[in-house]
Each structure stands twice: as structure tokens, then as C-alpha cells.
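> Numbering (this note's numbering), first residue to last: 1400 to 1663.
Idealized CB from N, CA, C, for every residue including glycine.
Nothing here was measured: the structure is a model prediction, and the numbers come from that model.
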């Protein structure tokens, strides 16, 4: 006997996709459009009113420009699907959401405390900057960690923390850089093109290798045709440095403030 299902059955591999398609199709009938950069995010715009809906498995995060629009969307969803309104959002995927007069404050304080507890560092004193201005982590600095799995887990947790603390990005990058397995010998690359082998050890430019030069000078080409302009910015105003290097305490605090990150 062969049966035809009229709706998705829980547990089938096709069920999640079928459920998503069903939900997304209904949102379109309400006037939502699917974001191109994230298919789990939907945007509603009508006149001066706007709403954003985020779908994560079977959880929904919804916000709107007016209470009337918000309630209309909730009512429409409840009439179509069996769901429960849990009220104002307070926690989502390790991020705490606190309403403020000027908007929403997003932080991961509890998530951070959990990381410190896992690392056995709850009794350590805080520091003003996450990384020293000179020191560089090396694979030879200290003995190997006793539990590589725990180290990778903590490094991954810190990487997730950069969502609300982008100021620690460079420090976390230094930790992640040493997760690879160092090689004692060079990696062997087998190539059937003799000319390419010769060029790898003797990088002489030939007529047939000009395309390589074009790739190497991509930025210069963009500048030449006017797509890109390279302008000078003083080091004291180069806020991107917080993502690429260790900074003195005063500079770090100033650049962190430019990211709308508050302490406390």
C-alpha cells in the first residue's frame, strides 16, 4: 500500500524544508519579502510601517514599527498556525536583550560568565585591553594544552562572543590562528604543467602569465578606472585597527566607543 501525505510528517528528512516553505509562503501573502542575504529573515514594508521577522527552526523573533502592526502580524500567524506568544524577547541564542529608552541593548554577560567558568578564570582580575600591543602568540610559547578539544571549544565560544563584542576580534583571531596542526615538512603539490612548476620557483613574468599580474594588482586596476579611491587617514582615526592589532589602553577604549560598545 502506498500513501500520499497531505502535509509534512515530523521526522522525515523533507519535513524541515516543507515546514519552512509553508511558513514562508504564508508570510509572502501577508506582504513580507524574504531577505536575499538571509533566507530566515523576512521584511515587511508598507508606507511608513516596517516589520522584521526572524525564523530560527520553530522559534520566531518579531519586531515592528508600531504596536498595531505587531499585533496584526501575531494575530494573522496564530490564525494560520498553532503557536504561543511568549511576550517580549529577553534571551536569544546566548544574547540578552534589554529594552532601553533609546532602543535595545544587546549583550552576552551571562554567556561571558559561563565562558570564564568553563575556563576556570572566574577569580582572575579584568584587564583594560584584550591583547598586548607587542606580544604575539607562537606555537612554541609554552607546552601544548592538556585538552585540545576543550581549547577548541573555548576558542569557538569566544568567536561567538564577538557578535556583541567586536572589540575582542583581534585577540580571538590570535587564539584561532594556533588551532591548526603545524607541519614538519612542506606540503607536496603535484602539477602536470612544467611551466607552472618552473614559475613556482622562478617567478619570471612571461607573455602568457600576464593574467597573474592582473590579479596581483587588482586594487591598482580599480583605482585606475576610478572604482576605488585610496585616501590617507591618520593613525589616531583608523578605527579598523581594533580588529587587526593590539592597542594601548586609551586608544582601545576610544576605538571601542566608536563601535557603540558600552562597559558595565
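(1) Give the single residue among 1650, 1420, 1412 whose Cα lies nearest to the Cα of residue 1681.
(2) Measuring CA to CA, which of 1571, 1514, 1563 is closest to residue 1549?
(3) Any beta carbon of chain C sitting closer than 9 Å to that of residue 1502?
(4) Could you tell me the boundaries of the beta strand (DSSP E) in which residue 1445 lies?
(5) So residue 1547 is in the alpha helix (DSSP H); what residue range does that whole segment cover?
(6) Which one of 1558, 1449, 1425, 1574 has the shortest CA to CA distance from residue 1466?
(7) Would residue 1431 be called buried (16 or more neighbouring beta carbons within 10 Å of its own) or exposed?
(8) Rounded to a whole number of angstroms, what is the C-alpha to C-alpha distance between residue 1621 and residue 1630?
(9) Where does residue 1456 land, buried or exposed, given buried means 16+ other C-beta within 10 angstroms?
(10) Quick one: Cα of residue 1553 to Cα of residue 1624, how far?
(11) Can you check which of these residues, 1481, 1447, 1497, is closest to residue 1422 by C-alpha distance?
(12) The alpha helix (DSSP H) that contains residue 1649, what's its start and end?
(13) Which ranges would you report for the alpha helix (DSSP H) in the segment 1448-1497 if only whole runs of at least 4 residues count?
(14) In the structure shown, what three-state DSSP assignment does residue 1634 receive?
(15) For the beta strand (DSSP E) that contains residue 1432, what are its first and last residues?
(16) Are three or more beta carbon pairs between the segment 1515-1529 and the segment 1638-1654 nearer than 8 Å?
(17) Given a cut-off of 9 Å, decide if residue 1484 and residue 1464 are closer than it, judged by their beta-carbon atoms.
(18) So the alpha helix (DSSP H) residue 1408 belongs to, where does it begin and stop?
(19) Opposite residue 1504 in the DSSP bridges: which residues?
(20) Skipping 5 residues on each side, what residues in its chain have a beta carbon closer than 6 Å to that of residue 1418?
(21) From residue 1713 to residue 1468, what does the alpha carbon distance come to, in whole angstroms?
(22) CB-CB under 7 Å to residue 1476, same chain, minus the five flanking residues each way: which ones, in chain order?
(23) Just to confirm the assignment, what range does the alpha helix (DSSP H) spanning residue 1576 have?
(24) Report the residue from 1498, 1555, 1470, 1546 whose alpha carbon sits nearest the alpha carbon of residue 1511.
(25) Determine the direct distance from the alpha carbon of residue 1658 to that of residue 1415, and round the result to whole angstroms.
(26) Take the Cβ of residue 1503 as the centre, count every other Cβ of all protein chains shown within 10 Å, and call the residue buried at 16 or more, exposed below.
(27) By a C-beta neighbour count over all protein chains shown, 10 Å radius and 16 as the cutoff for buried, is residue 1452 buried or exposed?
By the coordinates alone:
(1) The displayed coordinates of the chain run from 1400 to 1663. Any statement about residue 1681 would go beyond what the structure contains.
(2) Here the closest residue by C-alpha is 1514.
(3) Of the chains in the structure shown, none is chain C; there is only one protein chain.
(4) Its beta strand (DSSP E) spans residues 1440-1445.
(5) 1547-1560
(6) Checking every option, the nearest Cα to that of residue 1466 belongs to 1449.
(7) buried
(8) 14 Å
(9) exposed
(10) 46 Å
(11) 1481
(12) 1648-1657
(13) You should have 1466-1479.
(14) helix
(15) 1431-1433
(16) yes
(17) no
(18) No alpha helix (DSSP H) contains residue 1408, which DSSP labels as neither H nor E.
(19) 1497
(20) Hits under 6 Å: 1407.
(21) Outside the modelled stretch of the chain, which goes from 1400 to 1663, sits residue 1713, for which no answer is possible.
(22) 1482
(23) 1568-1576
(24) Comparing Cα-Cα distances from residue 1511 to each of 1498, 1555, 1470, 1546, the minimum goes to 1555.
(25) 37 Å
(26) exposed
(27) buried
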